[in-house]
């Protein structure tokens, strides 16, 4: 979503929702304008406790606005989900189902798992989101309620890609 689209409606809903305690803005293109609007709301929103953010397209001005809001709102905890990029290969991916699995490289950087769940919403490309079997990818690993999964999935442009023949 672009910030010009979601910011006014989204910020208004934050002001009027007295029960939202956790918000995940990962993988959103909120931009500086959206971040500034969000920051103004966060200064006075005392029900939101945890804000998750990763792969968010915010510049220095937006980051500064959010930092100022966090100084004022001492209840809110920012969880930036900062993970170093891992690498691996797509084991399989079903475009019709919207998910598949990634096999981390054997050098141990996949957090000790043999394969990671990969959902299409975590693929960082424009347009139709799918992955070819055997494609080299980079990704981050997050632990969720159902186990570890890949996020921020990108084709590894430095690695040779699998042949589609």
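Residue numbers (the UniProt record's numbering): 1 to 165. Every residue gets a Cβ at the ideal spot worked out from N, C-alpha and C, and that includes glycine.
Check: Sub-8 Å separation of residue 139 and residue 117 beta-carbons; Outcome: no
Check: 3 or more residues per run - each beta strand (DSSP E) lying fully within the UniProt domain "CSD" (85-155); Outcome: 86-94, 99-104, 116-119, 136-144 and 147-155
Check: Own chain, CB closer than 7 Å to residue 65, minus 5 neighbours either side, in chain order; Outcome: 35, 36 and 39
Check: Beta-carbon separation (whole angstroms), residue 31 vs residue 62, contact threshold 8 Å; Outcome: 7 Å
Check: Three CB pairs or more closer than 8 Å across the region 118-133 and the region 141-159; Outcome: yes
Check: Separation of residue 114 from residue 14, as counted between CA atoms; Outcome: 39 Å
Check: Run of the alpha helix (DSSP H) containing residue 41, from where it starts to where it stops; Outcome: 31-42
Check: Alpha-carbon to alpha-carbon, residue 106 and residue 33; Outcome: 42 Å
Check: Extent of the continuous beta strand (DSSP E) run through residue 51; Outcome: 50-52
Check: Limits of the alpha helix (DSSP H) - the one that residue 70 falls within; Outcome: 60-72
Check: Beta strand (DSSP E) segment containing residue 47, residue limits; Outcome: Note, residue 47: premise wrong, no beta strand (DSSP E); not H, not E.
Check: Residue 22, enclosing beta strand (DSSP E) - first and last residue; Outcome: 22-24
Check: Integer Cβ distance of residue 49 from residue 75, believed to fall under 8 Å; Outcome: 6 Å
Check: Backbone CA spacing between residue 42 and residue 23 [nearest angstrom]; Outcome: 12 Å
Check: With 16 other Cβ atoms within 10 Å as the buried cut-off, status of residue 108; Outcome: In this prediction, residue 108 has a pLDDT of 48, which is less than 50 and means its spatial position is unreliable; what the coordinates show is noted afterwards. Residue 108 should be labelled exposed.
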